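Student: Sequential numbering from 1 applies to the sequence shown in UniProt numbering. Positions of the beta carbon are idealized from the N, C-alpha and C atoms, including for glycine. On a predicted model such as this, the values are computed, not experimentally measured, just so you know. Supplied in structure tokens, the structure appears directly below.
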Amino acid sequence: MITIAEIKRRAANGTQKYSWEDLKRFRAEDEAKQPERFKKQFDEFRAEKILSRCGVLPIHQNCHVDNYEILTSGHRKAANFAKWYIDNFYLNNGTGFIFGGKPGTGKNHLAAAICNALMEDGYSCLIITVNELMQKLRACYRSGSDATEDQFIKTMIDFDLLVLDEVGLQRNSDAERLALNQIIDQRLCRFKPTGMLTNLPAGSEDPSEPTMNSVLGVRIMDRMRTNGGKWISFEWQSYRK
Ligand SMILES: Nc1ncnc2c1ncn2[C@@H]1O[C@H](COP(=O)(O)OP(=O)(O)OP(=O)(O)O)[C@@H](O)[C@H]1O
Ligand SMILES: [Mg+2]
């Protein structure tokens, strides 16, 4: 059977008009999407209520792959990854990423570029620092809070893409590690990817140096590698003047 996209394309080209049958199919398809739309709106409303925001912060709303300047082969590799990630997101079944490296190299820029492009396509995304996430989670324990801990975790799981920023700068208590574990694990069980941005190296020969393995634990790091999750290195000079 000819697809709706093809019918629309032919109609736009003037090579075929919409038939009565086509119009009936458009309507049926639209009605079938209603519950999905309501759920999406409900999720967004709940996220706004619990977090007071969604998506990316205003400072990163103009970040795109196209305005990421390519100055080294490292920049190119990182930009190509972001483009690939956006283009293939519709096939994504839990493949996350870690952008690790020096400050000012564009980790937030490219993560925001990914989220901005995906949100334009109707996906729900959130970039949040681990500190902000923990602070909002702790607020759920206060009496009179808008949400319970479970509702908060559920909100974190519902985003199509969740990006945890400044991993390694958190207090790193057992409770924090447990909450992160729970969020990443439960997202993965639902085939939802998680991204991470960090200045920490993956591991180190020096046991006193903080690393992603020591801060998050090997279990979470192992989860992040599931389904081909990639570590992208940002090891060039800061773009900040
Ligand atoms: N290659 C680039 N082309 C254009 N703008 C860039 C590039 N790299 C970084 N920037 C810009 O520089 C600023 C700092 O980048 P960003 O916040 O993404 O750095 P970061 O790697 O997340 O740093 P940190 O580790 O300190 O958080 C941002 O305004 C970003 O848009
Ligand atoms: Mg950053």
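Grab me the residues of residue 63's own chain with a C-beta within less than 8 Å of its C-beta, minus the 5 sequence neighbours each way, in chain order.
Tutor: Taking the sequence shown and counting its residues from 1, one reaches residue 63 at position 63. So the qualifying residues of the chain are 56, 108, 109, 110, 112, 113, 116.
Student: Note the first and the last residue of the continuous alpha helix (DSSP H) segment covering residue 38.
Tutor: Along the sequence shown, one-based indexing puts residue 38 at 38. Residue 38 -> alpha helix (DSSP H) spans 20-51.
Student: With three or more beta-carbon pairs closer than 8 Å as the criterion, would you say the segment 35-50 touches the segment 147-154?
Tutor: yes
Student: Measuring straight from C-alpha to C-alpha, what distance separates residue 185 and residue 223?
Tutor: Translated into positions along the sequence shown, residue 185 becomes position 185. Translated into positions along the sequence shown, residue 223 becomes position 223. If you take the alpha carbons of residue 185 and residue 223, they lie about 7 Å apart.
Student: For residue 220, I'd like the list of residues in its chain whose CB is within less than 7 Å of its CB, leaving aside the five on either flank, ordered along the chain.
Tutor: Numbered from 1 along the sequence shown, position 220 holds the residue referred to as residue 220. Hits under 7 Å: 180, 181, 184.
Student: Helix, strand or coil for residue 65 per DSSP?
Tutor: Within the sequence shown, numbered from 1, the residue matching residue 65 stands at position 65. Reduced to three states, the DSSP call for residue 65 is coil.
Student: Are residue 192 and residue 94 close, meaning C-beta to C-beta below 8 Å?
Tutor: By 1-based counting over the sequence shown, the position of residue 192 is 192. By 1-based counting over the sequence shown, the position of residue 94 is 94. Yes, they are a contact pair.
Student: Does DSSP put residue 189 in a helix, a strand or coil?
Tutor: As a first step, residue 189 must be located in the sequence shown, where it is residue number 189. Helix at residue 189.
Student: Do residue 165 and ligand 2 come close, with the Cβ less than 7 Å from some heavy atom?
Tutor: Residue 165 sits at position 165 when you count from the first residue of the sequence shown. Because some heavy atom of ligand 2 lies under 7 Å away, the Cβ of residue 165 counts as near it: yes.
Student: When the distance is taken between beta carbons, is residue 211 closer than 8 Å to residue 165?
Tutor: Residue numbering aside, residue 165 sits at position 165 when the sequence shown is read from its first letter. Residue numbering aside, residue 211 sits at position 211 when the sequence shown is read from its first letter. Their beta carbons are not under 8 Å apart, which means residue 165 does not touch residue 211 by this criterion.
Student: Mind checking who residue 230 pairs with in its DSSP beta bridge?
Tutor: Against the sequence shown, residue 230 aligns to sequence position 230. In the DSSP output, where bridge partners are listed per residue, residue 230 has 97.
Student: Going by DSSP in three states, residue 115 sits in which element: helix, strand or coil?
Tutor: As a first step, residue 115 is located in the sequence shown; it is residue number 115 there, counting from the start. Here residue 115 sits in helix by DSSP.
Student: Pick helix, strand or coil for residue 74, following the three-state DSSP scheme.
Tutor: As a position in the sequence shown, residue 74 is number 74, starting the count at 1. Helix at residue 74.
Student: With a threshold of 7 Å, establish whether the CB of residue 107 neighbours any heavy atom of ligand 4.
Tutor: Absence of ligand 4 from the depicted structure is noted, with ligand 1 and ligand 2 being the only ligands included.
Student: Among 126, 216, 158, which has the Cα closest to the Cα of residue 178?
Tutor: The sequence position of residue 178 within the sequence shown is 178, counting from 1. For residue 178, the nearest C-alpha among the options comes from 216.
Student: Can the beta-carbon of residue 4 be found less than 8 Å from the beta-carbon of residue 97?
Tutor: Here residue 4 corresponds to residue number 4 of the sequence shown, with the count starting at 1. Here residue 97 corresponds to residue number 97 of the sequence shown, with the count starting at 1. Residue 4 is not a Cβ neighbour of residue 97, given a cutoff of 8 Å.
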